[in-house]
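Quick mapping for you: the protein sequence lines, in order, are chains A and B.
Numbering of the first sequence is given in this note's numbering, commencing with residue 1 and proceeding in unit increments.
Numbering of the second sequence is given in this note's numbering, commencing with residue 1 and proceeding in unit increments.
Following: one structure in structure tokens, then a few remarks.
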Amino acid sequence: MKTSIIYENIKLNDNTNIIKFPCNEKIEPGQFIMAWVPGINEIPLSFSGLNDLKEITIKIYGKASEHIAHLKKGDTVFFRGPYGKPFENTAGKKLLIGAGTGIASLVPLIDKNAYGVLSGKTGNDIVFQDRFEKKSIVTDDGSYGKKGYAVDALKDMDISEFDMIYACGPEIMLKSVMDYMVNINDRAQFSLERPMKCGIGICDSCSINGYQVCTDGPVFSLKQLMGMSEFGSTRLNYSGKRIKI
Amino acid sequence: MNLEVDLGIKISNPFILASGILDENGYTIKKILESGAGAAVTKSIGMEERRGYEPPVVYENDPVFINAIGLSNPGIDNFGEEIKIALAAKKPVIGSVFGKTVEEFSLIARKMEQYGASAVELNLSCPHVNGYGMEIGSDPDLVNEIVSEVKSKINIPVYSKLSPNTSDIVEEAKAAEKSDALVLINTVKAMAIDIKAKKPVLSNIYGGMSGKAIKPVGIRYVYEIKRELNKKIIGVGGIENINDAVEYMMAGASAVQIGTVVYKYGKNIFNKMNNDLVNYMIDNNIDNIDELTGVALK
Ligand SMILES: Cc1cc2nc3c(=O)[nH]c(=O)nc-3n(C[C@H](O)[C@H](O)[C@H](O)COP(=O)(O)OP(=O)(O)OC[C@H]3O[C@@H](n4cnc5c(N)ncnc54)[C@H](O)[C@@H]3O)c2cc1C
Ligand SMILES: Cc1cc2nc3c(=O)[nH]c(=O)nc-3n(C[C@H](O)[C@H](O)[C@H](O)COP(=O)(O)O)c2cc1C
Ligand code: FES
Numbered sequence: 001m002k003t004s005i006i007y008e009n010i011k012l013n014d015n016t017n018i019i020k021f022p023c024n025e026k027i028e029p030g031q032f033i034m035a036w037v038p039g040i041n042e043i044p045l046s047f048s049g050l051n052d053l054k055e056i057t058i059k060i061y062g063k064a065s066e067h068i069a070h071l072k073k074g075d076t077v078f079f080r081g082p083y084g085k086p087f088e089n090t091a092g093k094k095l096l097i098g099a100g101t102g103i104a105s106l107v108p109l110i111d112k113n114a115y116g117v118l119s120g121k122t123g124n125d126i127v128f129q130d131r132f133e134k135k136s137i138v139t140d141d142g143s144y145g146k147k148g149y150a151v152d153a154l155k156d157m158d159i160s161e162f163d164m165i166y167a168c169g170p171e172i173m174l175k176s177v178m179d180y181m182v183n184i185n186d187r188a189q190f191s192l193e194r195p196m197k198c199g200i201g202i203c204d205s206c207s208i209n210g211y212q213v214c215t216d217g218p219v220f221s222l223k224q225l226m227g228m229s230e231f232g233s234t235r236l237n238y239s240g241k242r243i244k245i
Numbered sequence: 001m002n003l004e005v006d007l008g009i010k011i012s013n014p015f016i017l018a019s020g021i022l023d024e025n026g027y028t029i030k031k032i033l034e035s036g037a038g039a040a041v042t043k044s045i046g047m048e049e050r051r052g053y054e055p056p057v058v059y060e061n062d063p064v065f066i067n068a069i070g071l072s073n074p075g076i077d078n079f080g081e082e083i084k085i086a087l088a089a090k091k092p093v094i095g096s097v098f099g100k101t102v103e104e105f106s107l108i109a110r111k112m113e114q115y116g117a118s119a120v121e122l123n124l125s126c127p128h129v130n131g132y133g134m135e136i137g138s139d140p141d142l143v144n145e146i147v148s149e150v151k152s153k154i155n156i157p158v159y160s161k162l163s164p165n166t167s168d169i170v171e172e173a174k175a176a177e178k179s180d181a182l183v184l185i186n187t188v189k190a191m192a193i194d195i196k197a198k199k200p201v202l203s204n205i206y207g208g209m210s211g212k213a214i215k216p217v218g219i220r221y222v223y224e225i226k227r228e229l230n231k232k233i234i235g236v237g238g239i240e241n242i243n244d245a246v247e248y249m250m251a252g253a254s255a256v257q258i259g260t261v262v263y264k265y266g267k268n269i270f271n272k273m274n275n276d277l278v279n280y281m282i283d284n285n286i287d288n289i290d291e292l293t294g295v296a297l298k
């Protein structure tokens, strides 16, 4: 396993932290690592910052994410990677659509031409809003920003004016965004999350229509996703049983 | 030129996807068959849905590869749909079966046949219910009983996959003699410790080693069993290129399975193997792939 020493841990809200650590690997936006908590688990995490210090934003779901989110300055982080196909960072006007912590992996793409659509269940799920000059915020319960889903925010704007659209979040949200994108041609890239065990394309747990999210993705073009019948419809659970999304 | 092999069913070329590698989701199996594999073996399927071990489930340090997936699988009742999806590629799908008892092996094999599997492969490396850390394959009487029972209940070929982690693999092979072919070898027991964490890497501590590093072990067993039994053998373990495959055939294999290397070179390894085999046969004046089997024994 590779290791690095935590330089800083910043608490974003009650269940989300940013850890910063030095790392010389060449890492591109959208790529991820398999972070190992010895004796507990190993989980995929993507990068929210790729400067001299690398940054990961972690939302606490279970034991492994809790452990990593609470690593302190001087603690060791163990990992494999980076893995996966990155976003293609293009010039021009960008639209970045993120649900909850999904926005984290889009943060390295922010520049002066970026417009953000940030969505969440409640206001507490909205993070990194300060990094965007231009943005729309929507929440399911209306506790912050407008009430609605990410796709509702898109309906209020002219998405055809963007040169590239980037999205990251739960598959169901990505599917609804994709279904809304008529006439966008291939000007969109989506980052998918499916359960991962190996991270290197051997176990089949993350697969979608024959593609492995860990190696062929996690970033897929709109065109690739349009040909995938499993997208937003079914996936395998941790044991390998097909379930509805 | 003839690349077709006869394993009780006809397979258009000798390169088969090994069990447990990208073969849990029907769409992935289909894609691998479309990428040139002659046939594909499914992930080993048991009676009930099983989660398997928590990650880390793999340790990768080329040429060493160790896995401990822990026989995670959806359970046989949930696997029919995946086979159906895979069969759309119109190539043989071989159902890998594991069980705790003779009855379980038999029942799962029958379901595989109903689902349309072209053959079944019995994974005899699964844990023995009564043995501490012992594998079913270490109990020749049980192996014989499982193979006889499954053979009597289904009409598709039955292959037995043997484990090198037994005291006497020849005895195990003899016990499985009623099978239509023997599949050699499953992974070799191994482990890795991370010296910075001072802990075993795999959550299960122990795993099975595969990949390039185990090829000489596989070659030895294929050679030894071919010499002792003269049964049809499918060789597996560490095949990365055409020379490795030819080596297995010369040791006695009629066909080979390819697993770990798929993560290194991608699914297209199967197309590449086919092209390289054709060139090898042209260069060496071989018309029929059968001519290669066991030449090192002669
Ligand atoms: C390519 C990729 C990149 C990722 N990048 C990040 C990242 O940058 N930051 C981040 O915080 N997470 C990220 N994730 C998700 C992260 O890997 C999971 O949250 C983590 O595996 C949870 O592990 P755990 O052991 O803490 O919780 P578990 O014990 O696995 O889960 C506890 C409970 O929470 C649920 N749960 C777990 N993860 C999620 C989820 N993502 N969404 C909804 N419910 C969930 C589980 O179903 C379970 O009920 C990424 C996932 C992928 C596939
Ligand atoms: C990740 C992984 C999972 C495996 N799962 C199974 C399995 O479920 N059943 C089985 O019989 N063999 C399983 N195997 C063993 C392979 O089928 C094969 O026998 C072994 O890996 C040697 O071949 P290779 O070096 O080409 O991978 C697995 C191997 C790997 C690497
Ligand atoms: S996580 Fe194993 S194939 Fe993607």
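From the three backbone atoms N, C-alpha and C, an ideal C-beta is built for every residue, glycine too.
- Item | Residue range of the alpha helix (DSSP H) that includes N271 of chain B | Working through the second sequence from its first residue, we reach residue 271 of chain B at position 271. Its alpha helix (DSSP H) spans residues I269 to D283.
### Query
CB of S239 of chain A to nearest heavy atom of ligand 1: below 7 Å?
As a position in the first sequence, residue 239 of chain A is number 239, starting the count at 1. No, since every heavy atom of ligand 1 falls outside the 7 Å radius drawn around the Cβ of S239 of chain A.
Do I16 of chain B and V256 of chain B have their C-beta atoms within less than 8 Å of each other?
Mapped onto the second sequence, residue 16 of chain B falls at position 16. Mapped onto the second sequence, residue 256 of chain B falls at position 256. Yes; because the gap between Cβ atoms is below 8 Å, this pair is in contact.
Contact set between Y238 of chain A and chain B, taken where Cβ atoms lie within less than 8 Å: Taking the first sequence and counting its residues from 1, one reaches residue 238 of chain A at position 238. Near Y238 of chain A (Cβ distances below 8 Å), the residues of chain B are R51, G52 and S72.
Inset, instruction - Kindly indicate which three-state DSSP category R80 of chain A falls into: helix, strand or coil? - result: Counted from its first residue, the first sequence places residue 80 of chain A at position 80. R80 of chain A: strand per DSSP, three-state reduction.
Does DSSP put F65 of chain B in a helix, a strand or coil? To locate residue 65 of chain B, count along the second sequence from 1; it is residue 65. Three-state DSSP puts F65 of chain B in a strand.
| field | Entirely enclosed beta strand (DSSP E) segments - the stretch 191–267 of chain B, minimum 3 residues | value | 207–210, 233–236 and 255–258
Would you identify the three-state DSSP class for I83 of chain B, choosing helix, strand or coil? Taking the first residue of the second sequence as 1, we reach residue 83 of chain B at position 83. Helix.
task: Look up D6 of chain B in the DSSP assignment and say whether it is helix, strand or coil.
output: As a first step, residue 6 of chain B is located in the second sequence; it is residue number 6 there, counting from the start. DSSP places D6 of chain B in strand when its eight states are reduced to three.
Status (buried if at least 16 other CB within 10 Å, exposed otherwise) for A88 of chain B: Reading the second sequence from its first residue, position 88 is the one you call residue 88 of chain B. Burial call: exposed.
Quiz item: Skipping 5 residues on each side, what residues in its chain have a beta carbon closer than 6 Å to that of L33 of chain B?
Solution: On the second sequence, residue 33 of chain B is found 33 positions in, with the first residue counted as 1. Around L33 of chain B: A40, A89 and K91.
- Quickly, what does DSSP pair V117 of chain A with across the bridge? List them, please. To locate residue 117 of chain A, count along the first sequence from 1; it is residue 117. V117 of chain A pairs with A:I97 and A:S136.
Q | Closest Cα partner of N183 of chain A within the set A:A69, A:D163 and A:K197 | A | Position 183 of the first sequence, counted from the first residue, corresponds to residue 183 of chain A. Of the listed residues, the one whose Cα sits closest to N183 of chain A is A:D163.
Is it the case that the Cβ atoms of E8 of chain A and K20 of chain A are separated by a distance below 8 Å?
-> Taking the first sequence and counting its residues from 1, one reaches residue 8 of chain A at position 8. Taking the first sequence and counting its residues from 1, one reaches residue 20 of chain A at position 20. Closer than 8 Å, so yes.
Checklist entry - If you draw a straight line from the C-alpha of S179 of chain B to the C-alpha of M47 of chain B, how long is it? => result Position 179 of the second sequence, counting from 1, holds the residue named residue 179 of chain B. Position 47 of the second sequence, counting from 1, holds the residue named residue 47 of chain B. Cα to Cα, S179 of chain B sits roughly 22 Å from M47 of chain B.
*asked:* Any contact between the stretch 277–293 of chain B and the stretch 241–255 of chain B? By contact I mean 3 or more CB pairs, one from each, below 8 Å.
replied: yes
Does any CB atom of chain A fall closer than 8 Å to the CB of P56 of chain B?
-> As a first step, residue 56 of chain B is located in the second sequence; it is residue number 56 there, counting from the start. At least one chain A Cβ lies under 8 Å of P56 of chain B.
Exercise. Roughly how many whole angstroms lie between the Cα atoms of G20 of chain B and I169 of chain B?
Worked result: Here residue 20 of chain B is taken as the residue at index 20 of the second sequence, counted from 1. Here residue 169 of chain B is taken as the residue at index 169 of the second sequence, counted from 1. Approximately 22 Å, taken between the alpha carbons.
message: Closer than 8 Å is the cut-off here; do at least three beta carbon pairs connect the stretch 57–76 of chain B with the stretch 152–159 of chain B?
response: no
Starting from R110 of chain B and walking both ways along the beta strand (DSSP E), at which residues does that stretch end? Reading the second sequence from its first residue, position 110 is the one you call residue 110 of chain B. Where R110 of chain B is concerned, there is no enclosing beta strand (DSSP E), although the alpha helix (DSSP H) it sits in stretches over V102 to Y115.
Original post:
How big is the Cα-Cα spacing for A109 of chain B and V97 of chain B?
Top reply: To locate residue 109 of chain B, count along the second sequence from 1; it is residue 109. To locate residue 97 of chain B, count along the second sequence from 1; it is residue 97. The straight-line gap from Cα to Cα measures roughly 7 Å.
Inset, instruction - Look at K246 of chain A and I6 of chain A and say whether their C-beta atoms are less than 8 Å apart. - result: Because chain A spans 1 through 245 in this model, residue 246 of chain A falls outside it and cannot be assessed.
Checklist entry - Is I10 of chain A close to chain B, meaning its C-beta is less than 8 Å from at least one C-beta of that chain? => result Along the first sequence, read from residue 1 onward, the residue named residue 10 of chain A stands at position 10. Closer than 8 Å: no.
inquiry  = Looking at the secondary structure, which residues open and close the beta strand (DSSP E) in which I16 of chain B lies?
reply    = In the second sequence, the residue the question calls residue 16 of chain B occupies position 16. Element bounds for I16 of chain B: F15 to L17.
(request) Confirm, please, whether the CB-CB distance from M34 of chain A to P22 of chain A is below 8 Å. (result) Translated into positions along the first sequence, residue 22 of chain A becomes position 22. Translated into positions along the first sequence, residue 34 of chain A becomes position 34. Cβ atoms of P22 of chain A and M34 of chain A: not closer than 8 Å.
**Asked** By DSSP, does Q212 of chain A sit in helix, in strand, or in coil?
**Response** Residue mapping note: residue 212 of chain A aligns to position 212 of the first sequence, counting from 1. Strand at Q212 of chain A.
Here's a check: name, in chain order, each residue in its chain whose Cβ is nearer than 6 Å to the Cβ of I110 of chain A, leaving out the five neighbours to either side.
What you label residue 110 of chain A is simply residue 110 of the first sequence in a count that begins at 1. Counting only Cβ-Cβ distances below 6 Å, and skipping sequence neighbours, we find R131.
(message) I'd like to know if F78 of chain A contacts chain B, where contact means its C-beta is closer than 8 Å to some C-beta of that chain.
(response) Working through the first sequence from its first residue, we reach residue 78 of chain A at position 78. So, interface residue.
### Task
Assign M173 of chain A to one of three DSSP states: helix, strand, or coil.
Walking along the first sequence from the start, residue 173 of chain A turns up at place 173. Here M173 of chain A sits in helix by DSSP.
Q.
At the level of alpha carbons, what is the spacing between V246 of chain B and Y223 of chain B?
A. Looking up residue 246 of chain B in the second sequence gives position 246. Looking up residue 223 of chain B in the second sequence gives position 223. Distance between the alpha carbons of V246 of chain B and Y223 of chain B: 13 Å.
**Study point:** Simplified DSSP state of N288 of chain B, which is helix, strand or coil
**Key:** Residue 288 of chain B sits at position 288 when you count from the first residue of the second sequence. DSSP places N288 of chain B in strand when its eight states are reduced to three.
query: What number of angstroms, rounded off, separates the C-alpha of F128 of chain A from the C-alpha of E66 of chain A?
result: Along the first sequence, read from residue 1 onward, the residue named residue 128 of chain A stands at position 128. Along the first sequence, read from residue 1 onward, the residue named residue 66 of chain A stands at position 66. F128 of chain A and E66 of chain A: Cα-Cα distance of roughly 20 Å.
Q. Going straight from the alpha carbon of E54 of chain B to that of V201 of chain B, what length do you get?
A. In the second sequence, the residue the question calls residue 54 of chain B occupies position 54. In the second sequence, the residue the question calls residue 201 of chain B occupies position 201. Taking the straight line from one Cα to the other gives about 12 Å.
TODO: Verify the contact flag: G26 of chain B, CB atom, against every heavy atom of ligand 2, threshold strictly below 7 Å.
DONE: Within the second sequence, the letter at position 26 stands for residue 26 of chain B. For ligand 2, not one heavy atom lies less than 7 Å from the Cβ of G26 of chain B.
Output the boundary residues of the alpha helix (DSSP H) element that contains Q251 of chain A. Residue 251 of chain A cannot be examined here, being either before or after the span of chain A that is shown, 1 to 245.
Discussion item. By the DSSP assignment, the alpha helix (DSSP H) with P140 of chain B in it spans what residues?
Written reply: The sequence position of residue 140 of chain B within the second sequence is 140, counting from 1. Run containing P140 of chain B: P140 to K153, per the alpha helix (DSSP H) assignment.
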